[in-house]
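Protein chains in written order, with the numbering used here: chain A, 57 to 165; chain B, 6 to 197; chain C, 15 to 1018.
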Amino acid sequence: MLILTCPCCGQTGEESEFHGGGEAHLKRFGPGSSDADFEGYMFMRENPKGVHFERWRHAYGCGKWFHAARCTMTLEVFGTYPAQTTEPPKELRDKISKKRPGWSWGAFS
Amino acid sequence: MSKTVTALNGASWEGGIAHISEAPQQGMITLLGDLTAAAVIKAATGATGQEMPAQGKAQCAGEKGVCWMSPDEVLVLCPYAEIDKTLAKIKADLGDTHSLAVDVSDARALFVVQGPNAREVMAKLAPVDLHPATFTPGMFRRTRMAQVPAAFWMQEEDAFNVICFRSNAQYMFDLLKTAAQPGSEVGYFAAS
Amino acid sequence: MSTRLASGGRLVDQGQPINFSFNGNTLKGYAGDTLASALLANDQMLVGRSFKYHRPRGIVASGVEEPNALVNLGSGGTFEPNQRATTTELFDGLQATSQNHWPSLEFDVGAINAKLARFMPAGFYYKMFIHPRPLWKHVYEPFIRQAAGLGKAPKVRDEDTYEHFYAFCDVLVVGGGMAGLTAAKSAAASGAQVLVFEQTAHWGGRAPVDGGIVDGTPVDKVVDKLVSELSDMPNVTMRLRTMGAGVYDHGYVLGYEQLRDHAPKAQGPRHRLWRIRAGHVITATGALERPLSFAGNDIPGVMLASAVRDYVVNYGVSPGDRTVVVTNNDDAYRTALAIKHAGLSVPVILDARVPETDSPLMTAAKDAGIRVLMGHGVAKVLGGKRVTGVAVCAQAGEGAILEEIECDTVAMSGGWSPVVHLWSHCGGKLSWDNDFAMFRPDVDKAPTGQDGSGFVSAAGAANGHFGLSEVLSDAHASGGTAAKATGHAKSRRKAPKAESVDEAPMAPVWLMPQGAGVTLRGKAWLDYQNDVKVSDVQLAAQEGFESVEHAKRYTTLGMATDQGKLSNINGLAILSDALDQPIPQTGTTTFRPPYTPISMGAIGGEARGEVFQPVRRTAMYDWHEANGADWEPVGQWRRPLAYVQPGENLHDAVMRETKNVRENLGLLDASTLGKIIVKGPDAGRFLDMLYTNMMSTLKPGKCRYGLMCGENGFLIDDGVVARIDEDTFLCHTTTGGAEHIHGHMEEWLQTEWWDWKVYVANVTEQYAQIAVVGPKARAALEALGGMDVSQEELGFMEWADGSIGGFDVRVYRISFSGELSYEIAVKASEGQAFWDALMAVGAAHDVMPYGTEALHILRAEKGFIMIGDETDGTVIPQDLGLHWALSKKKEDYLGKRAHLRTHMADPTRWKLVGLETTDGSVLPDGAYAVAEGTNDNGQRNVQGRVTSTYHSPNLDKGIAMGLILNGPDRMGEVLEFPGTDGKTHSARIVSPVFYDPEGEKQNV
C-alpha cells in the first residue's frame, strides 16, 4: 500500500486516503475532433514498465486532485504536483532523468 | 426551534478506555474561496474572532473557530444558535468576492473522545500518526476513520473533536465505542 | 517415553501446576509450558494424523515451524482449528483435541491410505479424478470435498473482539532475540523511535538455550539487561506475543499481536493487527533448523535437534530416555550435550560428515562419553506410533544396515535456514550460500520504498550469521544503518563482543543415505503436513514439472498451513538434484505474507456486527424502523422499501402505498437524494457542460430535469436542477450519486476547467427532504399553514423558500410520480419534527408513508426512467427516447462527441418501450426477448430485454419497460420472453407512459 504526499494540503497519507484516477495529462478532444483524436483521448493509454504519470484524488482528505510520477516496477514515487498543469514540472523531469536516464513517457522525456 | 435534535440526541458512553460523547449542536459553515483574499479572511476571522488558520491547522476557542479544510476551503465554527446571524455576516463580508458560504451544521455529527487513552482510540481507526510529538492540539486532519470520511482536531491534550457526516453518526459512535472497549489499552503513546 | 524432568526448565514454574485437557483427558502442566511441552510431559508424543495418508505424527519442533502438532482449541464461540501446540501457551482450563482422524487418534480408519501410498503418488488426484468427465460434479467433487481440509470449521459465531492499530515509527525491529535486541538498542541509542516485536512470550530467542558469553556475562543475563535497558528508553516500545506478519510497499508492515490467547479470561480484544508505517525495518527473525530426509523421519519421536534441546532446557521435559542424534553440522552436538547434562542417554551421534579434525563441540561430546560415528547416518527409523530404534548405515552408501540401535527419540539436524520471509515479501532478493547450504538475503538487493532506497535490513541469523559474535556485530551495524536511514546520527557505541566458538563446516545432506533406493526414498518425508516424500518430488521432476512453482503445486510441497517452513529447502534440493542443476538455478518459491497464519478476526478488526459496514441513516430512520419499514439498501443508505402493517405482507404494503399516493396522500423520505450547490460566475456555463440539456437559461425560481453523461456518452445520473439565484444552482442527484457526482464535478473543475470561477459544495445531509405527494397534498400543506403553495404562487417545476407549520422550508414543485407533488427540504435536525407534523396534519387527508418500491411503481406507470434500472453504463439518452434533453444549441457538453461515434449513432441500438403482458401477469425482471435463430455459441438470438417490471395496482396489470430492437417502430407487436421458470411470457410493445400520458395530474 503506497504512501503519497498531497501537494495541495501537504498531508502524507496512506493509499486508502486517496483514489487513483488513471493517466495524467490527457488532452481533451470534444465535438469537432477527428475519430482518431477522440479515440486516442478516450481509450488509448500508456502502459509503461517504469516511469508513469497518473492522477490521484485526496478523496478522504482535502478532496483535491493532483498528479504523481511513479515507477510502476519499484513503486518509487518521484514526486507529486498539482493537477492544474498540462505537463510535469521540469524540476521533476530532471529528477527522474537522474534516477532513470533515458526515460520517456508520452510526449515527455 | 426546540424541535431540533442532533443525530444521536447527545448520546454518550463511559466504561471504556476513553469517554465518548456526541457534542451538542455546533454551528458549522463551509466557506469556499481564495483564502488569501481580504474579503474571505475578513469573513472567516470576523465571524469568529479567530485568526486565519495555517495549512492543516484549526484556530479554535470555545464554540468558535476556523479550521483549514483545503487550499480553498475553511470550516467556520460558531454557536449553533448564532448560525443565521453568522452566515449573514460572512456573506456581507464576502460581498461580491467569488466565494461560497453555506450552513452545514446539520449535515454533520460532532463527537468528543476524551481521556488519557484518546489518542489510542483514534489510532485504532484512522491511518494517521497520532504520536504526541507529531499530532498536537491545534492541528486539523481530514482522513478516513474505518470506512467513513472524518475530520478531527484537539483543542487540548487528551480530547479529540471528531466530525463525520450526520448519516454516519451511529456508525461513528459504535465505532468509537468498539475502539474504546474495556481492556483495550495499547500503551503505545503512553511509553513516550 | 517422554516425561517431565525432576528439575530444570527455565521457562516453567514447577510451583504453579495447571490443568488442561487433551481429547477429553485432564492432564497437568505448569505455568510457562506450551501445549506441546505439556503434552510431552504427559507422554503424549502422538498428536495428530497427516493430511493425505493419515500417518501418525508427533511433535517435531518447538516453535512456529511445527508442521504436525495442529490441534483444535476451545469450544463453542472460542473454537479454533489448526492451532500449533508448540506456540500455544498453556492456561488453566485449556481444551485441545487432535484432528484429521476417525474414530480416534490412536486408531484411525483413514490410515488405510498409508497402505495405499504406493498408489497415491504426486499428482494422484489430478490423474485419478480427470476421467470420465461426467463424474466430476456428482462423484469426484463430493469425494474430494470430503477429504479436503485440515480441522473443522467453527460452527458458532466467534465471541471475541479484534482491532487494528495504526502505528508509525522510525525503526521496526521484528524479532526479539539477541540480534533484534542488539539492533534495537543500537538504533534507539541514536534517538530513533523504535518498535520491537517478538512473536513468542519471551525475549532472547535461542541464545539462552544455546548459551554463550557476551562481554564477560552469560548471554541469558545479557538478554535480561538489554530488555530492561530498552524498556526504560522513552523512544522504544517492546511487544511480546506479536509477530511481524508481512512487509509490504513503502514500509507498510502488519504486526499480529495475540493479547489474550494465553489469558482468555482477560478483558479486551483477542488479537490486534498493527498496521505499521516504518521508516526502516530490521528483520531479526532468526533461522529455522532443517530436518534430514531419511526413511521413517516422520515417525513420532523424530524431532529437530534444536527442539529436543528446547524442551529439555526451557521446559524441563525429556522427549525420550534414549536419544540418537543425527546431524550434518556442529549445532546438534549442543543437543547431545544438553540431554546428557539432564541425565538422559545419548546412545550415539550419527554425523554424516567426515572431518579431518574434531571441532571443540565434537571433542566436548566425546569427552562427555558420547559415542560419535562419523560418516554415518540413519538408514531407517524403526517403530510405528513411536520410535523404537534406528538402523545405522554409512552416509555414502545405499543404506546397508550396519547395526540397529534402540532409542525412543531421534534428534535430527540438517543445518539451518535463515528466516528470509519478511525480507522477501516486498521484493528483497536472496543469494545462495554454499558454505552453509542456504539462501540468505542479498544485502545489495533490499526491497525498496517510496524514495527508491532499501527499507529493510536483515540482522543476525536471519542475515545468515550464526556465531554469537557475528550475530552481535551484524545486528549492531544494522541498527546503525536503520537509524541513519531514518535521519538519525549513527550511535558511536561499539558492538558488544561475544566469545566465539569455532565450529566445523556443515556438509549439505539432502538425502540419507546419499544413495537411498526407491523404498527408502518413498518413506523419506519432506513435507509432514501435506505428506510429500522425496520420491514425489523426484516423480514431479520426471514428469516435467521443472519450474519450482509448478513442482510445488503438483506435489503440494509447502502448501500446507506451515507453508513449508521445514520442507522448502530440502524439497528444492531434491528437485535440483533430479533436474541436475544447482540449487540457486532452481530458485525458491515466492514467500508470501503472513509469516504464519493470522486470524480472520484480526484481519477484519473492528468491522463486525454493528460496525461491519457503515449504514447511513436519514433523520427519520428511527421512525421508519418503528413503523414497519422493510429496508432496502441503496448504496450505504437504508431506505424503507415499504412500511408493512400488521396483518399484511410486503406485497400488500407496496400495493396499498402505491394506490394511496394516486388517490390520497403519500409521504416519502427523499433525504438521500444528493443536493449539490454550484455557485459562481461560471456556474451556468459549467452546468451546461455537465448536463446534456441547457441549464444556463434556467430562470431563478425554476426547476429543470437534467441528464448527465460521462465523456464516453453513457448516462451516469439524472435529477432536477433548481436555480437559486443568478450565480447559484442546486443540483439534485440520485441517492447513490451524491458523492460520486460531487467528485465528478470537482474533477472537471480541478483538472480541466481550473480557470472557471465555480465553487461546489455537497449539502446533501444538511437537509431532510420529504416528498408530499398525491391529490390531497396541497390541502394538507394548507392545513399545516404558512406559505402560499397554490398553483398560481408555486407552479409546477418551480421552487420557493418559506415557512410551513412554523418550519423554515424550501419547497420544490417537482414530481417523480406524475401526481401533485411537493418536495420539501428542512434542516436535518428538524426532519423528524417536520415529518411528525405532516403525519399529524395528513391524518385528515388519508396520509400514508410510502417506500421506494411504491416510488418505483409510480414512476414506471409514468414511464420515467431510473438510473441503474433503465441504464447500466452502456445506455445513452437516445436509447431512452430522451432526445429532447440533448441540447442542439450547445457546442459542447460531456458525452456530445461520444454520441457521434458510429456505434452510438447505430439505428439498431435497442430502444426504450413499454411492455404489457398479454395475460396481465408480471414479466420476469431482466428477461430477454428472443428472436429467430441462434448465435455462434448456439444460444437463442435476442432482440431486447426487460429493464423494469412491476404489478401496477392502479392499472391492475403487469407493466414493464424494456430496451427492444427498433422498439418504438414496433408498437403493438407481441414478443416472447422465456423466463428462468421454464415458462415463456408474451408481452406487447406499447408506449412506456401507462398513466396520465398528458401529464395533467402533476400540473394542477
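Think of the CB as a built atom: it goes at the ideal place given N, C-alpha and C, for glycine as much as any other residue. Given the structure is predicted, the values throughout are model-derived calculations rather than measurements.
Per DSSP, which residues does residue i bridge with? Please list them.
i       : result
P654(C) : W645(C)
W813(C) : Y826(C)
Q272(C) : H285(C)
N39(C)  : F36(C)
R147(B) : A156(B)
S166(B) : At residue 166(B) the sequence reads Asn, which differs from the Ser that was named. DSSP, once it has assigned bridges, lists V117(B), W158(B) as partnering N166(B).
Y176(C) : H285(C)
Measure how close the beta-carbons of residue i and residue j come, nearest whole angstrom, since I'm counting them as under 8 Å.
i        : j       : result
E990(C)  : A919(C) : Going by Cβ atoms, the distance from E990(C) to A919(C) rounds to 29 Å, so no, they are not a contact pair.
A393(C)  : P527(C) : 6 Å
G1043(C) : H435(C) : Outside the displayed span of chain C (15 to 1018) sits residue 1043(C), for which this structure offers no information.
I95(B)   : A66(B)  : The Cβ separation is near 18 Å, so there is no contact.
S189(B)  : K120(A) : Not really, about 35 Å apart at Cβ, beyond 8 Å.
P461(C)  : G478(C) : Actually they are not in contact, since the Cβ atoms of P461(C) and G478(C) sit about 17 Å apart, beyond 8 Å.
E271(C)  : T256(C) : 4 Å
A473(C)  : V74(C)  : With a Cβ gap of about 27 Å, A473(C) and V74(C) do not count as contacting.
For residue i, is the classification buried or exposed, using 16 other Cβ atoms within 10 angstroms of its Cβ as the cut-off for buried?
i       : result
M985(C) : exposed
G191(C) : buried
F480(C) : buried
M614(C) : exposed
S160(A) : exposed
G117(A) : buried
M142(C) : exposed
T102(C) : buried
D98(B)  : buried
I126(C) : exposed
F626(C) : exposed
D731(C) : buried
G733(C) : buried
W288(C) : buried
Between residue i and residue j, is the Cβ-Cβ spacing less than 8 Å?
i       : j       : result
G680(C) : G845(C) : no
F60(A)  : G69(A)  : The sequence given here places Leu at residue 60(A); Phe does not occur at that position. Yes, they are a contact pair.
R71(C)  : V78(C)  : no
G391(C) : F308(C) : yes
R911(C) : F99(A)  : no
L54(C)  : V401(C) : no
P63(A)  : F109(A) : no
W813(C) : R827(C) : yes
T139(B) : A42(B)  : no
L244(C) : L195(C) : yes
R124(B) : F170(B) : no
A305(C) : N584(C) : According to the sequence displayed, residue 305(C) carries Pro and not Ala. Cβ distance < 8 Å, so P305(C) and N584(C) count as in contact.
G618(C) : Y262(C) : no
Y781(C) : A839(C) : yes
A791(C) : A858(C) : no
R959(C) : G976(C) : yes
A656(C) : V668(C) : yes
A203(C) : V187(C) : no
G106(A) : T128(A) : yes
Taking 7 Å as the cut-off, does the CB of residue i come closer than this to any heavy atom belonging to the ligand FMN?
i       : result
P992(C) : As far as ligands go, the structure on display features none, and thus does not contain the ligand FMN.
Task: Any beta strand (DSSP E) of 3 or more consecutive residues that is wholly inside the segment 348-422 of chain C - done: 363-365, 386-388, 390-397, 401-408, 417-420
- [ ] Tell me the start and end of each unbroken alpha helix (DSSP H) in the segment 862-929 of chain C that is at least 4 residues and wholly inside, in chain order.
- [x] Entirely contained in the segment 862-929 of chain C, the alpha helix (DSSP H) runs reaching 4 residues are, in chain order, 866-875, 916-919.
Task: Continuous alpha helix (DSSP H) assignments of at least 4 residues falling wholly in the segment 38-96 of chain C - done: 49-55
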